[in-house]
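Enquirer: Following this message is one structure expressed as structure tokens.
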Amino acid sequence: MEDNGSTESLARSIPWVLWLIWKNINSLLYAETQVSVVRSLSEMMVEVEQWFLLNKPQLRTTEERARMDNSDKWCPPDNGVIKCNIHLNWRNASMHSGVAWIARDQAGNVYHHARDAIVHAPDRMVAEFGCVIWALTCLRDLGVQKVIMASDYYEVVKAIKVPYQWPRYRDLLQQIMGFKGTFDSLEFEGEKVVANGVARDIAKSVLRDGCFQSYLAMGGPSWLHDRIARDAVRSDV
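Under full-length UniProt numbering, the sequence shown has 213 at position 213, and the numbering climbs by one with no breaks.
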């Protein structure tokens, strides 16, 4: 590791070499088998390159950094684009979860909002993907053409942007990717919890108020009118 004359590829492969030796010892002791050293080293180098490729830090553009700096408040979309904030109020795999979305334009005017209850999702990621698919289906059926989907659960946004890192959820991610052909533009972005407050409150009301019947409505809920208005004012600042 301290040899300045060694290549970067060789230096960063050392942990994999140690792991390869350990696995080979176990194969000899417990299975009395041994894989070809040449083949093992070749496969190891492929794994090393893939690991560093997948974990390479992503540099953010100036525009992305500016958006993150201002993300404590709700950020409006560009003119002609509908921004749909979503939230899943997850409890556990056996209980109901409340889901909600609210779609607004560049002036903060509410286009539509919806809420529903889902059951028996095996884990939170499956439920989150289900929430995304439900919201996209609604927006597609409403004829929306340009959409930004915003969620405060960053793992979901990351999985959608880099689906090959999440093979366990491949089928759900493929369903989500399939929606790109039904919209003129479709983007996904993370939203801080405080900026996603309206969608969170609507989703929480499902379990809090026992509202298990789904509904879709024009405009925003009357009991959140002031919050929505404040978001619209701040979006013009």
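For glycine and all other residues, C-beta sits at the position ideal for the given N, C-alpha and C.
#1: Hey, could you find the ends of the beta strand (DSSP E) residue 290 is sitting in?
#2: Between the C-alpha atoms of Q34 and I21, what's the straight-line distance to the nearest angstrom?
#3: Hey, E128 and L172: beta-carbon distance below 7 Å or not?
#4: Report the three-state DSSP secondary structure of R60 (helix, strand or coil).
#5: Should A217 be labelled buried (16 or more other beta-carbon atoms within 10 Å of its own) or exposed?
#6: Can you tell me whether E49 is buried or exposed, with buried defined as 16 or more other CB within 10 angstroms of its CB?
#7: Which whole-angstrom value describes the C-beta separation of G98 and V206, a residue pair presumed to lie in contact below a C-beta threshold of 8 Å?
#8: Hey, how far is the Cα of Q145 from the Cα of W19?
#9: Between V233 and the rest of its own chain, which residues show a CB-CB distance below 8 Å, the 5 nearest in sequence each way excluded?
#10: Among the residues of its own chain, which have a CB less than 7 Å from the CB of R91, if the five just before and after it don't count?
Expert: This is what the structure holds:
#1: What is shown of the chain runs 1 to 237, which leaves residue 290 out entirely.
#2: Locating residue 34 in the sequence shown gives position 34, counting from the first residue. Locating residue 21 in the sequence shown gives position 21, counting from the first residue. In a straight line, the C-alpha of Q34 is about 11 Å away from that of I21.
#3: In the sequence shown, counting from the first residue as 1, residue 128 sits at position 128. In the sequence shown, counting from the first residue as 1, residue 172 sits at position 172. Result no, Cβ atoms of E128 and L172 do not sit closer than 7 Å.
#4: Within the sequence shown, the letter at position 60 stands for residue 60. Because R60 sits at a pLDDT of 49, beneath the cut-off of 50, its placement in the model cannot be relied upon, and the point is left open.
#5: Position 217 of the sequence shown holds residue 217. Result: exposed.
#6: The residue you call residue 49 lines up with position 49 of the sequence shown. Label assigned to E49: exposed.
#7: Residue mapping note: residue 98 aligns to position 98 of the sequence shown, counting from 1. Residue mapping note: residue 206 aligns to position 206 of the sequence shown, counting from 1. Right, their Cβ atoms sit about 3 Å apart.
#8: For the purposes of this step, residue 145 is taken as the residue at position 145 of the sequence shown. For the purposes of this step, residue 19 is taken as the residue at position 19 of the sequence shown. Going by the C-alpha atoms only, they are around 50 Å apart.
#9: Here residue 233 corresponds to residue number 233 of the sequence shown, with the count starting at 1. Same-chain partners within the cutoff: G108.
#10: Translated into positions along the sequence shown, residue 91 becomes position 91. Excluding residues within five positions, the ones whose Cβ falls inside 7 Å are S97.
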